[in-house]
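In our numbering, the protein residues as written are 7 to 291.
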């Protein structure tokens, strides 16, 4: 009869293997969980049915509905199909989770109300991206801007050499080096979850000739940084000048209107007035 080997004379290897393969995450309960379920339908049980009225486009019960307001994988609501836009909610998330903040609601101009596909709450992490920052690399509003300022370096594609195990350029590479945790089962030789594994990465071997040659990133020198700073200052100066010119035109327009009003009744041009014969009548006449 085969016997289990022991690690350190305490626990059999078969028990350790069963604990690893049948591991389940513990369930936690918080005092604010009922509030999230009642207000945002977050953390609802997955066995609850999906609300048919929500899939049809509008649920009259809103957040008081006992069913889940979520979309099946690849599904859309009738409202989204009719309008042709909107963000889908994530599977398992609440009605407002996984979408962006409504830019019209921020200005008080959203006409959809509770039927809007976007969030009607101020959540900085789910704000739309600042278009001015994307185009120019900076935003004149600075930290007071209501929209997201995403670092351009975060948009870089991952480096295939680093993902394979080693990049010869190191920090000088023009691509992003993302550190990932390796799956312990895959390192041991086999992972039962395959592509659906959430324990870590499954690196794949790629031939050297199939990879793109790494390139050195273009580092900005001090002179280029100073030049960019000057260009930003000049751009902000031009914007301020345009605003000032616009205010001056409005003010001059009001003055011209007042001047025309005075000339019509003889109040303009220093109080001088022409008689019936068209002759000039100066002061003292």
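We put the beta carbon where it would ideally sit given N, CA and C, even for glycine. For clarity, every value in this text was computed on a predicted model and none was experimentally measured.
In this structure, the alpha-carbon of residue 207 lies about 41 Å from that of residue 64. The continuous alpha helix (DSSP H) containing residue 137 extends over residues 137–142. Rounded to the nearest whole angstrom, the C-alpha separation of residue 203 and residue 112 is 40 Å. Per DSSP, reduced to three states, the secondary structure at residue 210 is coil, with no helix or strand assignment.
Within the same chain, Cβ atoms closer than 6 Å to the Cβ of residue 60 are found at 75, the five residues on either side in sequence being excluded. DSSP places residue 109 in the helix class (H, G or I) of the three-state scheme. Two segments are said to touch when three or more pairs of C-beta atoms, one from each, lie closer than 8 Å; by this definition the stretch 214–223 touches the stretch 158–167. Of all alpha-carbon atoms in 187, 196, 188 and 222, the one lying nearest the alpha-carbon of residue 179 is that of 222. Residue 157 has its alpha-carbon roughly 13 Å from the corresponding atom of residue 137. Counting of Cβ neighbours within 10 angstroms places residue 22 among the exposed residues, the total staying below 16. Annotation: the continuous alpha helix (DSSP H) that includes residue 60 extends over 58–62.
As a beta-bridge residue in DSSP terms, residue 188 pairs with 207.
For the 8 Å CB-CB criterion, residue 125 and residue 151 do not form a contact. Here residue 154 really is in contact with residue 135; their C-beta atoms are around 5 Å apart, less than 8 Å. Going by C-alpha positions, residue 38 is about 11 Å away from residue 45. Pairing residue 145 with residue 244, the inter-Cα distance amounts to about 14 Å. In the DSSP secondary-structure assignment, residue 223 is not bridged to any residue. Following the DSSP letters along the chain, one finds residue 168 inside the alpha helix (DSSP H) bounded by residues 166–170.
The residue among 175, 181, 177 and 147 with its C-alpha nearest the C-alpha of residue 162 is 181. Just so you know, the alpha carbons of residue 254 and residue 247 end up roughly 10 Å apart.
According to the DSSP assignment, residue 20 belongs to the alpha helix (DSSP H) that extends over 19–27.
Considering only 68, 170, 142 and 35, the residue with the shortest C-alpha distance to residue 121 is 68.
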